[in-house]
Structures are given as C-alpha cells and as structure tokens.
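> Each residue of the sequence shown is one higher than the last, beginning at 1 in full-length UniProt numbering.
For glycine and all other residues, C-beta sits at the position ideal for the given N, C-alpha and C.
Here the structure is a predicted model, which is why all the values come from computation and not from measurement.
The structure follows.
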Amino acid sequence: MNVLVISGSPRRKDSYQVCMEIWNELKKYDSGIEFEYLQLSQSSISECRGCAICFQKSELLCPCKDDEIRSIKEKMKNADAIILSSPVYAYQVTGQMKLFIDRLSYLFHRPEFCGKPVLIVVTTDGGGSKQVYKYLKMTVSGWAMDLVGDVQIISPMYFENREPKSVFKFNKRIYAKGQKRIKILAKKLYEKMGQSNKKVPTFYDIFLFNCLRSKIYTSDADRIYWRNKGWIDAPYFFDVDINPVKRFFGKVMKRLIDILGKKISTGA
C-alpha cells in the first residue's frame with residue numbers, strides 16, 4: 001500500500017514533521033507501506049487561465065500542457081490514500097496549494113477519486129486553521145473523496161524550542177493531544193486503505209452531490225460523464241446503504257435542482 005502526501009508548504013518544516021509522524025504511526029501497522037512526499041513548490045504547475053475549457057469540454061483540451069499536473073493526478077489515482085497538507089497563509093491555503101486545486105477544479109464537475117481515503121493536515125503559527133480546514137474539506141468532499149479526519153496543529157504550542165519565537169509557548173497538554181489525534185487518525189487511515197466498503201455519506205455529502213449534479217444542465221461534458229457513471233438518478237456517487245431520512249433529503253434536493261436545472265437549460 002502507498003500513501004501520497006501533497007504538500008502546499010514551500011518548506012520542509014512543521015507540516016512536513018507532522019506528516020512524518022503520521023508515517024511513523026502507519027509503519028507500526030505495515031512496515032512496508034510506501035510514503036511519497038510531493039512538495040508542490042518543487043513541481044511545475046502552470047497558472048489556470050480561466051478559459052473554462054475543462055468545465056465545458058474536457059480537461060484534455062486544457063491549454064496548459066507543459067507542466068506536471070497530469071502526472072500528479074496519476075500519482076493520486078495510484079495512491080491507496082492521500083494526505084493534503086498546508087500551512088496557513090493569510091487565513092488560507094498556500095498559493096501552491098490553491099494553484100494545484102485550481103488546475104484540478106474540473107473534478108468538482110467530474111469526480112475521479114470517489115471514496116479514496118484522504119487526511120487533511122493544517123499547521124499554523126496562530127489562527128486560521130479552521131478556515132483552511134473548511135476549505136480543504138469542501139474540496140475533497142466535492143471530489144467525492146472519503147475524508148478520514150484532520151490534524152490541526154498550532155506549531156509554537158506543539159513543537160518544543162521552535163524558532164522564531166512566538167506569543168504562543170510549547171504546551172505539553174497540547175502536544176499530547178496532538179500526538180493522540182495523530183495515532184487515532186493514522187490507525188483509521190490504515191484501516192480505510194484496506195477496506196473495500198465505501199463510506200456512508202453525510203447530509204453534507206448528499207447536499208454537495210446534488211449541487212454538483214446540477215452541472216449536467218449547463219455542460220454537455222458533465223452530462224455525458226455523469227450519465228456514463230450512472231449518477232444522474234443515483235442517490236450518491238456509489239452504491240452504499242443510506243438511511244431513509246437521508247434518502248428523502250436527497251430526493252427533495254434532486255427534485256428542486258431538476259426543476260431549476262430544466263428552467264436554466266430551456267431559458268425559461
């Protein structure tokens with residue numbers, strides 16, 4: 001089994017150390033597990049040009065061809081699990097992480113990683129971790145991935161003798177809490193990697209699924225893709241046991257979006 005870390009940090013410091021701690025925990029369950037740390041700042045990724053060709057026609061027609069985004073996506077396909085890691089920059093993900101997500105934004109329309117386990121790692125010198133986590137959560141949920149959990153670390157309180165100095169100080173209780181969470185989520189991630197069972201979608205997942213399905217009314221590429229996948233009339237991306245309340249919620253969402261979608265497509 002193999003885990004792919006996609007890091008938005010331009011340095012190998014706090015978020016890198018947290019990812020290495022996760023790897024060390026994973027190796028307790030399988031010493032042969034492979035762990036690739038992909039640093040986006042070391043990859044050639046062209047800026048999105050905003051042409052929307054990937055949305056309306058195909059990502060294969062993207063004018064940005066001489067970079068590494070396709071090879072990165074191939075690594076994601078081949079990985080048994082993915083860790084998305086970013087420090088907080090101005091209360092958001094780093095520019096490198098945002099560029100990566102921008103270039104793969106067609107996956108919100110045509111998901112390719114349905115059910116793939118993913119773990120989110122966020123590090124910060126102070127605030128902003130919740131905002132970054134929420135953005136990354138929305139991203140992986142929109143890509144239909146299986147979010148195992150998140151590790152949010154306030155670096156000065158977690159790493160002892162860290163430079164530069166901060167108003168926050170090393171805190172043994174915070175460190176122990178972080179270590180416990182890493183152990184729990186590493187175990188959960190490992191178990192997910194070996195499972196064939198897909199996750200049961202939450203209300204948020206079902207809501208997002210139906211919102212994404214609305215694109216079939218505005219894009220021929222999306223409509224063909226969703227039809228070929230058998231998703232247009234499905235309750236979710238994959239066949240899984242969904243309780244009656246969630247199914248009813250999904251049907252209501254589908255009905256509302258179908259009404260609005262048909263009005264948009266007919267110009268009514």
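So what does DSSP say about GLN92, is it helix, strand or coil?
Strand, per DSSP.
> Check this for me: beta carbons of VAL118 and ILE82, under 7 Å apart or not?
Yes, they are a contact pair.
> Within this structure, are the beta carbons of LYS198 and VAL140 separated by less than 7 Å?
No.
> Return the residue from the list LYS263, CYS62, VAL3 that minimises the CA-CA distance to LYS75.
The residue with the shortest Cα to Cα distance from LYS75 is VAL3.
> Only counting runs of 4 or more residues, tell me where the alpha helix (DSSP H) segments fall wholly within the UniProt domain "NADPH-dependent FMN reductase-like" (1 to 155), in order along the chain.
Fully enclosed alpha helix (DSSP H) runs of 4 or longer: 14 to 26, 53 to 56, 69 to 78, 95 to 103, 129 to 142.
> CYS62 and CYS54: beta carbons closer than 7 Å?
Yes, they are a contact pair.
> Whose CA, out of ASP258, HIS109, PRO10, lies closest to the CA of ALA52?
The shortest Cα separation from ALA52 among ASP258, HIS109, PRO10 belongs to HIS109.
> Should the segment 183 to 191 be called in touch with the segment 23 to 37, which here means at least 3 C-beta pairs below 8 Å?
Yes: at least three Cβ pairs fall under 8 Å.
> Which same chain residues end up closer than 6 Å to TYR37 when comparing Cβ atoms and leaving out the 5 residues on each side of it in sequence?
Closer than 6 Å at the Cβ level, and outside the excluded window around TYR37, lie VAL5.
> Mind checking whether ILE182 and GLU21 have CB atoms under 7 Å apart?
Yes, the Cβ-Cβ distance between ILE182 and GLU21 is below 7 Å.
> At which residues does the alpha helix (DSSP H) containing PHE209 begin and terminate?
Here the alpha helix (DSSP H) through PHE209 covers 203 to 213.
> Rounding to the nearest angstrom, what Cα-Cα distance links LEU147 and LYS137 in this structure?
Distance between the alpha carbons of LEU147 and LYS137 is about 8 Å.
> Measuring CB to CB, does CYS48 end up less than 7 Å from ASP102?
Yes, they are a contact pair.
> Is it right to say ASP233 is buried, meaning 16 or more other beta carbons lie within 10 angstroms of its own, or is it exposed?
It is exposed - the Cβ of ASP233 has fewer than 16 other Cβ atoms within 10 Å.
> Within 10 angstroms of the Cβ of ASN161, are there 16 or more other Cβ atoms? Answer buried if so, exposed if not.
Exposed, by the Cβ-count rule.
> Exposed or buried, which one is ARG255 when buried takes at least 16 other CB atoms within 10 Å?
Its Cβ having fewer than 16 others within 10 Å, ARG255 is exposed.
> In terms of residue numbering, what span does the alpha helix (DSSP H) encompassing residue 269 cover?
Because the chain here runs from 1 to 268, residue 269 falls outside it and cannot be looked at.
> Would you tell me roughly how many angstroms separate the C-alpha atoms of ASP125 and PRO156, rounded to the nearest one?
Their Cα atoms are separated by approximately 6 Å.
> For TRP23, I'd like the list of residues in its chain whose CB is within less than 6 Å of its CB, leaving aside the five on either flank, ordered along the chain.
The residues are PHE35.
> Quick one: Cα of ASN228 to Cα of TYR91, how far?
Roughly 39 Å between the two C-alpha positions.
> Could you give the DSSP three-state label for ALA221: helix, strand or coil?
Residue state, collapsed to three classes: helix.
> Determine, using beta carbons only, whether THR94 and SER86 come nearer to each other than 7 Å.
Contact flag set, yes.
> Alpha carbon to alpha carbon, how far is ARG223 from LYS262?
If I take the Cα positions, the gap works out to 13 Å.
> Given this structure, state the Cα-to-Cα distance separating LEU208 from GLY142, to the nearest angstrom.
Straight-line Cα distance between these residues: approximately 7 Å.
> Find the nearest neighbour of PHE168 within the set ALA176, GLN179, ILE153, LYS180, judged by alpha-carbon distance.
Of the candidates ALA176, GLN179, ILE153, LYS180, the one whose C-alpha sits nearest the C-alpha of PHE168 is ILE153.
> Verify whether the separation of the beta carbon atoms of GLU68 and SER43 is less than 7 Å.
A contact, by the Cβ cut-off of 7 Å.
> Can you tell me whether GLY50 sits near the ligand SAM, meaning its C-beta is under 6 Å from at least one heavy atom of the ligand?
In terms of ligand content, the structure shown is empty, and the ligand SAM therefore cannot be addressed.
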